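In the working numbering, the protein residues as written are 933 to 1065. No residue lacks a Cβ here, since even glycine has one placed at the ideal position from N, Cα and C. Bear in mind the structure is a predicted one, so any value in this text is a computation, not a measurement. Working notes, structure below.
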């Protein structure tokens, strides 16, 4: 039987320091922290999705991951409800360096204006706005 994927439920981000990473995503991106698996795991919730934070040195038998579990290898794009100027202002107020942007890119639903920064592990974080929606 053939099927199609409906949506993304969660992704796993390998981290060097769970506390530092969770704090950054809460402070900078406004995500909600959630402890699960009887407090042994941490997730960050936003919209209808979540990011599970995995210590990069976790046992792969108890917590499977991709072939490369090194922190800093992700490139994530998050859609915001505000324009790029507001994103830039917020990042500056948080003391976050802007890597690039605002710049026009092609998103899943059309043209987006993106601003890029890095999280504590060096992952590339793209904060985007659909200007025509």
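Remark: C-beta atoms of residue 963 and residue 976 approach each other more closely than 8 angstroms.
Per DSSP, residue 952 lies in no beta strand (DSSP E); the unbroken alpha helix (DSSP H) holding it starts and ends at 950 to 961. With respect to the 8 angstroms criterion, residue 1012 and residue 1060 are classified as neighbours on the basis of their beta carbons. Non-local C-beta neighbours of residue 1064 in its own chain, meaning closer than 8 angstroms and more than five positions away in sequence, comprise 1042 and 1043, ordered along the chain. Annotation: the continuous alpha helix (DSSP H) that includes residue 1022 extends over 1016 to 1025.
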